[in-house]
Amino acid sequence: MQRKHLLITPALATLCLLLLGSGTAARAATVIKIATQSPLSGAMSVIGSDIKNGTQLAIDQLSGPLTKMGFKIELAPYDDQGNPDTGVANAKAIVSDPAILGIIGHYNSGVQIPSSEEYHAADLANISPANTNPRVTDRGYLEVSRVCGRDDVQGAVGAQYAKNKGIKNVFVMHDKTAYGQGIAEYFRKEAMTLGVKVAGFTGTEEKANFDAILDPILAAKPDCIYFGGMFDQAAVLFKQARQKGFKGMCLSDDGFDSPDVAKIGGDVLLQGAGTCYSTVSGPASIYPDTKKFMADFKAKFGNDPQPFAAQSYDATAILLKAIENAAKANGGKMPEREDVAKAVRAIKSFHGITGTITFDRKGDPVVARYFVVQDTAKDAGQWPNNKIIQTLDIKAPE
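Counting in this note's numbering, the sequence shown runs from 508 upward without gaps.
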């Protein structure tokens, strides 16, 4: 029988090598996903989108060690819309995807708390860049950690600032959410301890017309109106209070920290005794190691990083390192979710762009940074230049 020989040309040989190489790479790369949950639509999307973007930038820049181990790291972003029901539905989808080994989020504590029950049940590591309600970590879940401070401390910081500014009479309001009501209660407790009169304490879901609410507030003649909640509600309340002649201090929390405040209130909020807010997230520029991050972030996404973008970068950096450590301990293979959660807590003195982070037994940073900031912005572009009045490093409560 006459044998036929296949003629291998140089071009055919190159093609075969490319195909073999491509197939080998495809077989070798195991996909690991990192999910995010934050508001990507609606009024809070300006902050929520940059929580996602901070995570994306960290994946782009810090996945090298895992890539060398044969893993491909992908982002799986979810829009929780700032809504607990949506967050829980997303959480169920997240934990059902075996490729997801960690979740960065949320923005709203009222969304994180019920959603993280799903993460806890599935052994999925959840590192929060922004959730400050004490219940986030006080449940003692191994899977849940955060890189920011707590409301029981932040609320006290706000009350102490008010006392130091000579406030004697304050009216406290909140938005009826787990976050807003929680921090308002901590503010009230500390204010009363310090001898500041609390003329009233009430919650509201109103977001447009505060006339009926402001009339009894102003009748109490407070030196300060404190609001626990989010910027889209607080800015409208404070603006309408000023328009009704309120000259005292307007004071809020880190939910107030958004450039959209300037769009809503403009220089009206700068009148009287001014408007201030406490926060666990200072402007990115205030941290000594964020210069490159800020430049890279703007180059990639076209805007300066919003609050919690840098914290999201650090949270993702810790998660990537934990996945790497767990994979090495597993002989270079994809680790179990529980092992990743344990590896997160095992990381000590992690040097991030916002500071050095070590988690305590509950998942809080051993020491967290808190700020008091004065609103000096007449427009949204000036918001990153708001005046830092106080910077405090405070240990987490036992």
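All residues carry an ideal CB built from backbone N, CA and C; glycine is no exception. As the structure is a prediction and not an experimental result, all values here were calculated from the model.
Outcome for residue i when other beta-carbon atoms lying within 10 angstroms are tallied against a minimum of 16
| i | result |
| --- | --- |
| PRO872 | buried |
| ALA833 | buried |
| ASN633 | buried |
| LYS805 | exposed |
| ILE724 | buried |
| PRO904 | exposed |
| ASN892 | exposed |
| SER600 | A quick correction: the sequence has Ala, not Ser, at residue 600. Classification for ALA600: exposed. |
| PRO766 | buried |
| GLU712 | exposed |
| GLY809 | exposed |
| THR898 | exposed |
| ASP718 | exposed |
| ASN597 | buried |
| ASN837 | exposed |
| ARG868 | exposed |
| HIS681 | buried |
| LYS902 | exposed |
Straight-line Cα distance separating residue j from residue i
| i | j | result |
| --- | --- | --- |
| LYS917 | ARG653 | Examination of residue 917 is not possible in this model, given that the chain is present from 508 through 905 alone. |
| ASP900 | ALA698 | 20 Å |
| CYS523 | ALA536 | Reliability fails at CYS523, whose pLDDT of 45 lies under 50, so the model's placement of it is uncertain and no value is given. |
| GLU692 | VAL679 | 9 Å |
| ASP567 | GLY752 | 50 Å |
| THR639 | ASP658 | 5 Å |
| GLN747 | ASN716 | 8 Å |
| TYR686 | ILE896 | 24 Å |
| THR641 | GLY656 | Correcting the residue identity first, residue 641 is Pro in this sequence and not Thr. Those two C-alpha atoms are separated by around 9 Å. |
| GLN588 | LYS885 | 28 Å |
| GLY689 | VAL787 | 15 Å |
| LYS807 | HIS613 | 22 Å |
| TRP890 | SER548 | 21 Å |
| ALA533 | LYS579 | In this prediction, ALA533 has a pLDDT of 43, which is less than 50 and means its spatial position is unreliable; nothing more can be read from the coordinates. |
| GLY673 | VAL643 | 33 Å |
| ASP846 | ALA666 | 41 Å |
| GLY662 | GLU831 | 37 Å |
| SER623 | GLY755 | 39 Å |
| SER785 | ALA726 | 26 Å |
| ASP761 | MET737 | 8 Å |
| PHE708 | ARG695 | 8 Å |
| LYS828 | VAL664 | 33 Å |
| LEU744 | LYS714 | 8 Å |
| ASP803 | SER570 | 16 Å |
Pick from the options that is closest to residue i, judged by C-alpha positions
| i | options | result |
| --- | --- | --- |
| VAL775 | ASP803, THR883, MET576, ALA632 | THR883 |
| SER603 | VAL660, ARG844, ASN893, GLY859 | ARG844 |
| THR863 | ASP886, THR684, ALA875 | ALA875 |
| VAL538 | VAL553, MET576, MET551 | MET576 |
| GLY561 | ILE720, ASN893, THR786, GLN818 | GLN818 |
| GLY773 | ASN671, ASP739, ASP796, THR786 | ASP739 |
| ASP821 | GLN750, ILE558, ALA666 | ILE558 |
| VAL705 | GLU713, THR711, ALA719, LYS728 | LYS728 |
| GLY647 | LYS902, GLY781, GLY870, LYS894 | GLY870 |
| ILE793 | PRO621, TYR877, MET737, LEU777 | TYR877 |
| ASP764 | THR797, ILE732, ALA637 | ALA637 |
| SER856 | VAL847, LYS849, PHE866, THR709 | PHE866 |
| VAL677 | PHE734, ALA742, PRO621, ASP645 | PHE734 |
| ALA816 | GLN563, ALA550, LYS540 | GLN563 |
| MET551 | LEU569, GLY779, ASP586 | ASP586 |
| MET841 | LYS798, PRO814, LEU608 | LEU608 |
One or two residues paired with residue i in a DSSP bridge
| i | result |
| --- | --- |
| PHE878 | THR786, THR898 |
| HIS858 | THR863 |
| GLY612 | GLN544 |
| CYS757 | ILE732, THR782 |
| HIS681 | GLY710, GLY735 |
| ALA632 | GLY609 |
| SER652 | ILE634 |
| ASN676 | LYS704 |
| THR644 | According to DSSP, which records beta bridges pairwise, THR644 is partnered with nothing at all. |
Residue-chain proximity (residue i, chain B), Cβ-Cβ < 7 Å
| i | result |
| --- | --- |
| ALA817 | No chain B is part of this structure, which consists of one protein chain only. |
The ligand ZN heavy atom lying under 6 Å from the CB of residue i
| i | result |
| --- | --- |
| THR797 | You won't find the ligand ZN in this model; it holds no ligand whatsoever. |
Can you give, in chain order, each stretch of the beta strand (DSSP E) that sits fully within the region 685 to 737 and has at least 3 residues?
704 to 710, 731 to 735
Can you give, in chain order, each stretch of the beta strand (DSSP E) that sits fully within the region 540 to 594 and has at least 3 residues?
578 to 586
To test your reading of the DSSP string, which unbroken alpha helix (DSSP H) runs of 4 or more residues are found completely within the region 785 to 857?
Complete alpha helix (DSSP H) runs here, min 4: 798 to 808, 816 to 836, 844 to 853.
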